[in-house]
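In the working numbering, the protein residues as written are 642 to 936.
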């Protein structure tokens, strides 16, 4: 006997752009997002009985995101995600959980002739500000905020040695190396009872994002890192101390490797150890370090 043990569906890659226009100053502010909506509830019969009467069309989900963006603020993304998620749970009685993922793309205002330009922007990197907001009927709203795609590199100030060795080990101890990674850092907020509680916390969302980003960059740059694991843990500790409302912090840090190139075959040219200047970047395989630190 077969039965549906888990099911969800939705609309992914909903691209949304919103502009806010200040009539008095002529300044405009832009926000570009990619949104994903996933619904759970009494939808099993759409799979088992071909009963489409329980299916909220994914095209309707897309239209709903556009309308919510028109009717409500889209910043901070935690609030917008919570608004959209709550809408689906409150509007459709057979939908009991709605997860909304919001990815905010970077547009930075141009400076022209030493002044901020009123309506021109540039994309200054692939980093995004991400939010996952899930409204669960009868339980409240859970929110995870995150920094993703933040690529960092330090040319010295990192080491990795005295690690476990056995018959499979070929990696030498390294006391000074290049350290580069693409930061994915998230923090889980304590559960919100309803949308009003999320709205009341609006000032904290931007402050937490700014604190987490600054702690990540400052710790990465300043610390003489004995390992990615230890540096990651120190970042988590500092973020939790800076933002008492969050319940947990997690990092996923893939190593971006840069390998020395032995050029001694060409006229004895020295390019290893303390003489290394030219390296070969390697995309894969790579180390992947992950950790969640909770209160």
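All C-beta atoms in this analysis are idealised placements derived from N, C-alpha and C, irrespective of residue type, glycine included.
So, using beta-carbon positions, are residue 743 and residue 793 closer together than 8 Å?
Not in contact: residue 743 and residue 793 (Cβ atoms no closer than 8 Å).
According to DSSP, what are the bridge partners of residue 661?
Looking at the DSSP assignment, residue 661 forms a beta bridge with 670.
Is it true that the CB of residue 695 sits closer than 8 Å to the CB of residue 705?
no
Where does residue 916 sit, in a helix, a strand or coil, going by DSSP?
helix
Residue(s) in a DSSP beta bridge with residue 783:
775
Once you ignore the five residues that flank residue 872 on each side, which residues in its own chain have a CB closer than 8 Å to its CB?
Contacts found: 860, 861, 864, 866.
Residue 917: which of 900, 926, 933 sits nearest, CA to CA?
900
To which residues does DSSP link residue 751 through a beta bridge?
Answer by DSSP bridge pairing: none, since residue 751 is not bridged.
Let me check one thing: in DSSP terms, what residues is residue 797 bridge-paired to?
Residue 797 pairs with nothing; no bridge assigned.
Please report the residue range of the alpha helix (DSSP H) in which residue 887 lies.
In the DSSP assignment, residue 887 falls outside any alpha helix (DSSP H) and within the unbroken beta strand (DSSP E) covering 887-895.
Out of 699, 656, 649, which one is the CA nearest neighbour of residue 683?
649
Taking the alpha-carbon of residue 658 as reference, which of 708, 645, 690, 678 has the nearest alpha-carbon?
708
Give the straight-line distance between the Cα atoms of residue 818 and residue 875, rounded to the nearest whole angstrom.
20 Å
Per the DSSP calculation, residue 656 is bridged to which residue(s)?
675
Beta strand (DSSP E) runs contained entirely in the region 790-868, provided each spans 3 or more residues:
With a minimum length of 3 residues, the continuous beta strand (DSSP E) runs that stay inside the region 790-868 are 820-830.
Would you mind reading off the limits of the alpha helix (DSSP H) that contains residue 705?
699-712
Taking the alpha-carbon positions, what's the residue 789 to residue 841 distance?
25 Å
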